[in-house]
Every structure is written in C-alpha cells, then in structure tokens.
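Start counting the sequence shown at 1; every next residue gets the next number (the UniProt record's numbering).
In this text, a Cβ means the ideal position worked out from N, Cα and C, and glycines have one as well.
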Amino acid sequence: MNKHIGTIKRWRVQIFAITWLAYAAFYFTRKAFSVAKLGIAEDPTFMLDKMAMANLDAIYLTAYAVGQFTWGILADRFGPRVVVLGGLLISAGAALVMGNFATLPIFATCMLIQGLAQSTGWSGLCKNLGSFFPSQQRGRVLGLWSSCYAFGGLVASPFAGWWAYTLIGSWHAAFVSSAAVVGLVAVLFFIFQRNKPEDVGLPAVEPEPELTAEETLAQSKISIWEPLKEILRNRTVLVLGLAYFMLKPARYAILLWGPVIVFEQMPSVGKVGAAIIPTSFELAGLLGPIMIGLASDKLFGARRMPACVISLLALTVSLALFMGALHTGSVILVVALLFVMGLTLYGPDSMISGAAAIDFGTAKAGATAAGFVNGCGSVGAILGGLLPGYFDTVTVFIVFAGCAMFSALVLVPHWNSRPGGLGTHFAYVPNQAMTVKPLRT
1 MNKHIGTIKR
11 WRVQIFAITW
21 LAYAAFYFTR
31 KAFSVAKLGI
41 AEDPTFMLDK
51 MAMANLDAIY
61 LTAYAVGQFT
71 WGILADRFGP
81 RVVVLGGLLI
91 SAGAALVMGN
101 FATLPIFATC
111 MLIQGLAQST
121 GWSGLCKNLG
131 SFFPSQQRGR
141 VLGLWSSCYA
151 FGGLVASPFA
161 GWWAYTLIGS
171 WHAAFVSSAA
181 VVGLVAVLFF
191 IFQRNKPEDV
201 GLPAVEPEPE
211 LTAEETLAQS
221 KISIWEPLKE
231 ILRNRTVLVL
241 GLAYFMLKPA
251 RYAILLWGPV
261 IVFEQMPSVG
271 KVGAAIIPTS
281 FELAGLLGPI
291 MIGLASDKLF
301 GARRMPACVI
311 SLLALTVSLA
321 LFMGALHTGS
331 VILVVALLFV
341 MGLTLYGPDS
351 MISGAAAIDF
361 GTAKAGATAA
371 GFVNGCGSVG
381 AILGGLLPGY
391 FDTVTVFIVF
401 AGCAMFSALV
411 LVPHWNSRPG
421 GLGTHFAYVP
431 NQAMTVKPLR
441 T
C-alpha cells in the first residue's frame, strides 16, 4: 500500500507536468497566425486584408467550437492519449504547411484543420487530470494547472515574433518555429503520458463499483450522447456556458489581434515590440486563476460566483478604458492596463471553464462536461476573431465591455452557490434510472 502511495504521487507529478506542457504547447501554433499577420500585411506576394484575416480566424474558431463539443465525448470513450496526441501532431503539421505554402485556399483549409486539432486539448487533458486526482483535490489542482494556457500565450508570441522578424526576417518562420515546438512536445507526450492509474498498474483514484457481466454489457450499449443530454438538463451549467460565451470574445481578440491592434495605434514600437506588449495580458493570466481561487476560498467561503462577478465588473472598466490608453501613446500605461485586463479576465475564465469539469469530474463524463462549457466559450470566441477585422477598434472594445458586464450579471443569481450545492455528477447504473449524486469538493 505504501508503495502504491509513493508511486501514485510520482505519477500525479508526471501527469500534471506533461498535460500542463501539452496545453501550453498548443498556444504556439494557435498564436503563430496572429504574429504572422504583421508580416503578411506588408507582403506583396500574399495579399490578405484585415477582413480576409478575420475570416480565416473565424474558420479556425468555428472548427475549434465544433471540436470542443465532440472531442470531449470521444476522449471519454477512447481516452485522452489517442485524442490529444493526434491533436498535437496534426496541429504541428497544419502550421508547417502554412509556413511553406502561402495561398488563401491552403490557409483556409489549414485553419479549419488547426481548429479541430487545437480543440482536442482542454477536455481531454482535464479528463486526464481527473483520472489521477480525487475530487476533493481537483479544485486547487485545476486552478494551478490552468496557468498553462496563460503561460503558453505569454511565451508563444515573443517566440514566434523573434524567429520571424529578428532571426529569419520572414513571417513564414512564425509558423515553422511554432510547429517545431509542438512536434517536440508531442514526442514528450507520447513518452510520459498515461490515461489513468490502472494503465501503470495502480488502483483507480476513485474506483468504479463492480458490475456483473450483464450490467457491463448493458452499460456498453448506452449512447455516447447520454452524458451530454444529462449535462444539458443542469441549469447551472447552462448559465456557466452562457457566461463563458460572453467572456471569451475579449480574450481571443487580444490573443489573435493584439499585435495588430498595438502596431496600428502605436507604430513606433515596431513589429517585435507589438508582439511583445500584449504578453502583459498573458503574464497577468498566470496570477489571475490563483488569486481568484484564493479569494473564493478565503473571502467568500468557497462561493465561486462573488469572486467571478467582482472580477468581471473590474474587467468591464478596463476594457472600456483600453482605447484611451492606446491613444496616449504611453507604452507603460498600455502594458499596465493589459495586465489589469488579464488579471480580471483569466481568473473568471479559469473558474468558469473549470467549474463543469470539477462538478462533473467523474471517470465517465468529465471530458464531456468540460467540452460543453468550453464549446460555449469557443462559439463566443468566434466573435473575438471576426469583429476586429470588420469594425473599428473603439467599437469592438465597447462591445467587449458590454459582454463582460452581461457575463457578470448572469452569474449574480448564483452568488451564494457553493461547490457542494452547485455540482452534481452522474453515474450510470444499467437497467435503472440515472443516479445523480452530489459532488464533494
């Protein structure tokens, strides 16, 4: 028994590290196009205007949203190892093609493929973590783990910008260098990742009840869509999905258009500077999830919604002030405001998108729940990719401020919700009605 305890601790560290690295790596190929836009805009051999770039972002984000709703179900059925590893390899391949073949049809096709590949990450990796950590630990573990996507966004743009505009002198290098990083991480993922403790000879963290042969056969006939149907009956999860839908556009506009917005308003900073300045947004994202988690536990007695609502109201103000800061030409002021925006956006982003994965974090349906909430957010993210290409930046950020305000308002009725009351998880008992049990976190 003591041997098992020591071994499961080692595997928890290993799984935490490799899944964290895998999701951070996705951001290299995700942000390569946002950095490449700076060079493409001045490339006479490959003419893409802002509307065309926005349409390409929309193709990517639409595919990403569709993938969020489907890959979680497949990760529950076949395991995250196959799903996520395939996503990493395909993502690297699509970026490599974009770096070598500059035509609109190829870019459109690759952005579609890239969106589907990228969307394998969140739901599958959340399930992977849930298999190695018991429910009472998943809240703080997921809060710490969520720093992966802030870190990925933080380092991906400067990395691609340095390769493209300092070392090589061509936007093509943004794609090729990012593909190399993701390909390397895919190899590491193949070596170090396992789906669940049973795969390495350890007992399940939360063992499933033993079933008879008849029950096992009956369970195998349950539709893979049944978990999604059950989630859709949970009103709290639907509210979380709506809030995440309204929150996501601002984040993706900054991720996908941040360098372009900064360069347009402050051309004196140069292309590399324009790629680096928005990273203050992701830098704050490293702290946001940790701070909001502590606030919800220490100040609000494990109530998650008060911390989210207050943070979203502060985000509303910072979004409304952003264009004024850009017009001052002050790099320090722009960096500071982007930092505040990241702090107040990534916190509720992490808590809302992780809530369903925690509340439904069972061996059978954790990935489905995480995929649903993130799918709702990904539909909203399409607006983040489209609007900056079609409207002036002032209008866009006013819209984002309104969305953040709306997201806060829909969470207010759930102000007093606590994890124990908020969440349920379901277990399949063949030949009986579905049993719904409260989740203890």
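Residue i classed as buried or exposed, judged by whether at least 16 other C-beta atoms fall within 10 angstroms
i, result
"residue 456", "The shown model of the chain, from 1 to 441, leaves out residue 456, and the question about it has no answer."
"F360", "Legend: pLDDT at F360 = 43, less than 50; position of this residue unreliable, value from coordinates given subsequently. Flag for F360 reads buried."
"G201", "exposed"
"K31", "buried"
"D76", "buried"
"P388", "buried"
"I332", "exposed"
"K9", "exposed"
"P259", "buried"
"N195", "buried"
"G285", "buried"
"M51", "exposed"
"G329", "exposed"
"V13", "exposed"
"F189", "buried"
"I191", "exposed"
"Y390", "exposed"
Supposed contact pair residue j and residue i - C-beta distance, whole angstroms, cut 8 Å
i, j, result
"V262", "A253", "Actually they are not in contact, since the Cβ atoms of V262 and A253 sit about 12 Å apart, beyond 8 Å."
"G87", "G121", "6 Å"
"A325", "V334", "5 Å"
"F46", "A94", "The Cβ separation is near 17 Å, so there is no contact."
"I292", "S311", "6 Å"
"L315", "L345", "5 Å"
"I276", "P158", "5 Å"
"I90", "V97", "Between V97 and I90 the Cβ distance is about 11 Å, and since that is not below 8 Å, they are no contact."
"A186", "A92", "6 Å"
"V394", "M323", "5 Å"
Residue i and residue j closer than 9 Å at C-beta
i, j, result
"L256", "D57", "yes"
"T19", "W145", "yes"
"A54", "G152", "no"
"P278", "C403", "no"
"G79", "L247", "no"
"G124", "G39", "no"
"A41", "A164", "no"
"A63", "I113", "yes"
"L287", "L343", "yes"
"P348", "C376", "no"
"A408", "V317", "no"
"V84", "A22", "yes"
"S353", "N374", "yes"
"residue 475", "V205", "Coverage of the chain is limited to positions 1 through 441, which leaves residue 475 absent and any answer about it impossible."
"L104", "G67", "no"
"M305", "V399", "no"
"A150", "S177", "no"
"D43", "W162", "no"
"L61", "S280", "no"
"A174", "G99", "yes"
"I59", "A108", "yes"
"T29", "Q137", "no"
"residue 472", "P197", "There is no way to answer for residue 472, as the model of the chain reaches only from 1 to 441."
> In chain order, which continuous runs of the alpha helix (DSSP H) of length 4 or greater are located wholly inside the region 260-331?
Replying inline: 270-276, 279-298 and 305-328
>> Suppose only complete runs of 4+ residues qualify. What are the alpha helix (DSSP H) ranges in the region 109-191, listed by chain order?
In response: With a minimum length of 4 residues, the continuous alpha helix (DSSP H) runs that stay inside the region 109-191 are 121-132, 135-145 and 147-161.
> At what residue ranges does the region 76-103 contain a whole run of the alpha helix (DSSP H), taking only runs of 4 or more?
Replying inline: 80-100
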